[in-house]
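Chains as they are written, first to last, in our numbering: chain A, 1 to 182; chain B, 183 to 770.
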């Protein structure tokens, strides 16, 4: 053991980490995102991606979707700590890969190239709901919606085809069928 | 149309409706309208501190000894940042505080105006919640909500930041009650089920090596909780140990009480925690000073955890039965259910736990709190013991600073009632005890209030003596003066090859003269044979006292668990010091 001298105990064994998607309904008031983000940074939790928007204009409720990674104990703490915040109404938690949940991320790609190259690009993007948002002789801006890993791969593939700019959102989530989060 | 009030008037109206009697504070530019309004509200008394941190700790002392929320009023910028230590302290130890801070006028926010700081940003992680009031018509709702958040569920500090223009503006006032509806923030709505209680009782009945491990949650739940705890402990005949914050919930001189547990807890309490087969945690949070290395914490026991804060359960230690509840509510229904079916449990169960008590008796024989006394020099433990003996027959309130003296106070002063012991446990704030004593004395006029202090800690907030003198608060500052930051020195001795780096205070003030210059009484005791007389003199003076108790400079605080060691490997005294391995050094 190294000769470090500490007033605290040494860390125990770490459990296996899991990726979770946490959905939080909050009052859309000043500072609410800082509270959530501060809770994560202050307690050493991870935020892989974050998506926020108001979903109820009348009640001013925002829905925040957070992708995070941690041991089951940490994930439990994240849930419980979030629920303690005053502006938080409810929290839903899903393990990545759960069957009943849909996830989507959106990405915008800007690619430089002539029409021939642009056709190639569209082909590669075909299965990810491509929408051409802007097109010139020498460039195209294309929108796709897909899972995180798919967008990662797509971005890699498009690099050789003239990808010069990428803009991505965090994941959003929804349950399948008639069920809603509760 | 209802009468419109200024923001400042709304503040006082809300404080009156919350039955606030005292506010602790310090004026400044951005709160002047509120201070201006003070004269119109005779039922509220303002206690002028000498530093906002002092005001904050005073409010904490007031809250802890009275069970009511402490109210703090500070100005913007430095006023607010000075209060941060007290807010964090209250957050860690679950003390209800409502801090009202002034802020620069709304139109100047964000311009780096004079005495501007991002108060809500800075205090976000050290409050349960905070608000920046941008509309005077929100003010009364926010203030009442602030009191509700501070005092419900797991109590804690909140802050309301009010820009100066809002304090002037006129708006509507309304008394809001119970605005907090969500489950986990307010009072826990979790109903305790009979099946939970039966599981609890079943674990009690199956156990042959049980222990109660109780904490500050019992105190925070109110005096009823202590009453029920005593009843349950007596109904079961089980041994009980307490955390630092829980002292006083159970009588310290009762035979079933094993003393405090943890890093400087007794040998019997820690060994019992390690070897037990059932641990009943009521209102404690498995803090790292209690558990040491979590992997080796009480390996063979079933664990029950009762806590009002769901996030405290399972955070550090996994438990077998978790109950989210207020302590009073739980104990009341548990005792009722227990009594229905288990008449005469204590006697019928005696056989089952007799071996356990025998074992505990053996641990007790080690007399782990013993120390080698001297007739030439005052041993700090002896000083605390004498203070206890000479004050135990009157209702005494003890506060402390942080360090060796704090642990000696916890070990040697025996508390019999809740709310008599105010110490900074979670944050470990040196300088807590003196201002806290001021708040305690305000809440308990006529009672004896003693701050057991160290000379290093007490110098951090010494300016508050001036407050004590101004308001004629006869607090007693009992300094165990060893000229060292004792706990730092102890760790340096044990872990850093006696390299006493910066832990000796040269050029200490003469505390007796210091007392006189503040206008209070200074007393010094240098030898054991004059100690009792001097302590009596201190008690009998009806004025604030600084007592300079000159103690052994080299004394260490034992027993101790070099943390990372399991609970059954304590160091009992100096003769065992040599045994700390390199591995152990890392862990203390």
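All C-beta atoms, glycine included, are put in the ideal place defined by N, C-alpha and C.
- To which residues does DSSP link residue 53 of chain A through a beta bridge? Within the first chain, the letter at position 53 stands for residue 53 of chain A. Answer by DSSP bridge pairing, in chain order: A:63.
- For residue 162 of chain A, which residues in chain B fall below 9 Å Cβ to Cβ? The count along the first chain starts at 1 and reaches residue 162 of chain A at position 162. Simply none; closest approach about 42 Å.
- Item | Contact check, residue 337 of chain B vs residue 269 of chain B, beta carbons under 8 Å | In the second chain, residue 337 of chain B corresponds to position 155, counting from 1. In the second chain, residue 269 of chain B corresponds to position 87, counting from 1. Going by C-beta atoms, residue 337 of chain B is not nearer than 8 Å to residue 269 of chain B.
- Query: residue 750 of chain B CB to nearest chain A CB: under 8 Å?
  - Reply: Reading the second chain from its first residue, position 568 is the one you call residue 750 of chain B. Not closer than 8 Å to any Cβ of chain A, the Cβ of residue 750 of chain B fails to qualify, so no.
- Task: Indicate the three-state DSSP secondary structure (helix, strand or coil) for residue 740 of chain B in the structure shown.
- Result: Position 558 of the second chain, counting from 1, holds the residue named residue 740 of chain B. Residue state, collapsed to three classes: coil.
- Message: Residues of chain A with CB closer than 8 Å to the CB of residue 483 of chain B, please, in chain order.
- Response: Residue numbering aside, residue 483 of chain B sits at position 301 when the second chain is read from its first letter. Those within 8 Å of residue 483 of chain B in chain A number zero; the least Cβ separation is about 17 Å.
- Message: Output needed for residue 314 of chain B: all residues of its chain with C-beta closer than 6 Å, excluding positions within five of it in sequence on either side, in chain order.
- Response: Here residue 314 of chain B corresponds to residue number 132 of the second chain, with the count starting at 1. Counting only Cβ-Cβ distances below 6 Å, and skipping sequence neighbours, we find 302, 343.
- Query: Can you tell which of B:355, B:618, B:548 has the C-alpha that lies nearest to the C-alpha of residue 753 of chain B?
  - Reply: Locating residue 753 of chain B in the second chain gives position 571, where the first residue counts as 1. Per the Cα distances, B:548.
- Task: Could you pull the start and end residues of the alpha helix (DSSP H) that residue 246 of chain B belongs to?
- Result: Here the question's residue 246 of chain B lines up with position 64 in the second chain. 234-248 is the extent of the alpha helix (DSSP H) around residue 246 of chain B.
- Is it a yes or a no for the stretch 532-552 of chain B touching the stretch 617-636 of chain B, going by three-plus beta-carbon pairs under 8 Å? no
- Item | Top-ranked residue by Cα proximity to residue 446 of chain B, from B:350, B:650, B:588, B:237 | For this step, residue 446 of chain B is matched to residue 264 along the second chain. Comparing Cα positions, the closest option is B:588.
- Message: In this structure, how does DSSP classify residue 78 of chain A when only helix, strand and coil are distinguished?
- Response: As a first step, residue 78 of chain A must be located in the first chain, where it is residue number 78. Helix.
- Task: Kindly indicate if chain B contains any beta-carbon less than 8 Å away from that of residue 76 of chain A.
- Result: By one-based count along the first chain, residue 76 of chain A stands at place 76. Residue 76 of chain A counts as touching chain B.
- Query: Tell me which same chain residues have a C-beta within less than 6 Å of the C-beta of residue 732 of chain B, skipping the five on either side of it?
  - Reply: On the second chain, residue 732 of chain B is found 550 positions in, with the first residue counted as 1. Excluding sequence neighbours, residue 732 of chain B sits near 663, 708.
- Would you mind telling me which residues of chain A sit closer than 7 Å to residue 493 of chain B, beta carbon to beta carbon, in chain order? By 1-based counting over the second chain, the position of residue 493 of chain B is 311. The answer, in chain order, is 77, 80, 81, 84.
- At which residue ranges does the stretch 627-689 of chain B contain complete alpha helix (DSSP H) runs of 4 or more residues, listed in the order of the chain? 637-641, 647-652, 668-677
- Message: When you compare the CB of residue 307 of chain B with every CB in chain A, is at least one pair closer than 8 Å?
- Response: Reading the second chain from its first residue, position 125 is the one you call residue 307 of chain B. Judged by the 8 Å Cβ criterion, residue 307 of chain B is in contact with chain A.
- Message: With a threshold of 8 Å between beta carbons, is residue 35 of chain A in contact with chain B?
- Response: Residue 35 of chain A sits at position 35 when you count from the first residue of the first chain. Closer than 8 Å to some Cβ of chain B, the Cβ of residue 35 of chain A qualifies, so yes.
- Would DSSP call residue 763 of chain B helix, strand or coil? As a working mapping, residue 763 of chain B is identified with position 581 in the second chain. Any reading at residue 763 of chain B must be qualified, since the residue scores a pLDDT of 47, below 50, and its modelled position is unreliable; the value itself is stated next. Coil.
- Item | Cutoff 6 Å; reference residue 328 of chain B; Cβ partners in own chain excluding five residues on either side | Translated into the one-based positions of the second chain, residue 328 of chain B becomes position 146. Correct list, in chain order: 280, 340, 342.
- Query: Based on the DSSP secondary-structure assignment, which residues constitute the bridge partners of residue 729 of chain B?
  - Reply: The residue given as residue 729 of chain B occupies position 547 in the second chain. Paired residue(s): B:660, B:705.
- Residues that residue 146 of chain A bridges to, as DSSP identifies them: Looking up residue 146 of chain A in the first chain gives position 146. According to DSSP, residue 146 of chain A bridges with A:105.
- Task: Would you please verify whether the beta carbon of residue 497 of chain B is less than 8 Å from any beta carbon of chain A?
- Result: For the purposes of this step, residue 497 of chain B is taken as the residue at position 315 of the second chain. Yes, residue 497 of chain B lies at the interface with chain A (some Cβ there is under 8 Å from its Cβ).
- residue 302 of chain B CB to nearest chain A CB: under 8 Å? In the second chain, counting from the first residue as 1, residue 302 of chain B sits at position 120. So, interface residue.
- Task: Going by CA-CA distance only, name the one from B:695, B:460, B:397, B:747 that's closest to residue 431 of chain B.
- Result: Reading the second chain from its first residue, position 249 is the one you call residue 431 of chain B. Nearest C-alpha to residue 431 of chain B: B:397.
- Give me whichever residues DSSP pairs with residue 384 of chain B in a beta bridge. Numbered from 1 along the second chain, position 202 holds the residue referred to as residue 384 of chain B. Residue 384 of chain B is not bridged to any residue.
- Tell me whether residue 14 of chain A is buried or exposed, calling it buried when 16 or more other Cβ atoms sit within 10 Å of its Cβ. Stepping through the first chain from its first residue, residue 14 of chain A is reached at position 14. Residue 14 of chain A comes out exposed.
- Message: My output table needs one value for residue 281 of chain B: the three-state DSSP class, helix, strand or coil.
- Response: Here residue 281 of chain B corresponds to residue number 99 of the second chain, with the count starting at 1. Strand.
- Task: Compare the Cα-Cα distances from residue 130 of chain A to each of A:120, A:66, A:136 and report the closest residue.
- Result: Taking the first residue of the first chain as position 1, residue 130 of chain A is located at position 130. Of the candidates A:120, A:66, A:136, the one whose C-alpha sits nearest the C-alpha of residue 130 of chain A is A:120.
- Closer than 8 Å to chain B by CB, residue 12 of chain A: Counted from its first residue, the first chain places residue 12 of chain A at position 12. Chain B contact via Cβ: present.
- Query: Does residue 92 of chain A come within less than 8 Å of chain B when only Cβ atoms are used?
  - Reply: As a first step, residue 92 of chain A must be located in the first chain, where it is residue number 92. Residue 92 of chain A does not count as touching chain B.
- Query: Counting along the chain, where does the alpha helix (DSSP H) carrying residue 617 of chain B start and finish?
  - Reply: Position 435 of the second chain holds residue 617 of chain B. First-last of the alpha helix (DSSP H) with residue 617 of chain B: 615-625.
- Which chain B residues are close to residue 31 of chain A, counting only those with a beta carbon under 7 Å from its beta carbon? Stepping through the first chain from its first residue, residue 31 of chain A is reached at position 31. In chain order: 302.
- Closer than 8 Å to chain A by CB, residue 314 of chain B: Here residue 314 of chain B refers to the residue found at position 132 of the second chain. Judged by the 8 Å Cβ criterion, residue 314 of chain B is in contact with chain A.
- Along chain B, in chain order, which residues have C-beta atoms closer than 7 Å to that of residue 42 of chain A? Counting from 1 along the first chain, the entry for residue 42 of chain A is found at position 42. Here the neighbours are 307.
- May I have the straight-line CA-CA distance separating residue 229 of chain B from residue 237 of chain B, to the nearest angstrom? Taking the second chain and counting its residues from 1, one reaches residue 229 of chain B at position 47. Taking the second chain and counting its residues from 1, one reaches residue 237 of chain B at position 55. Their backbone Cα atoms lie some 8 Å apart in a straight line.
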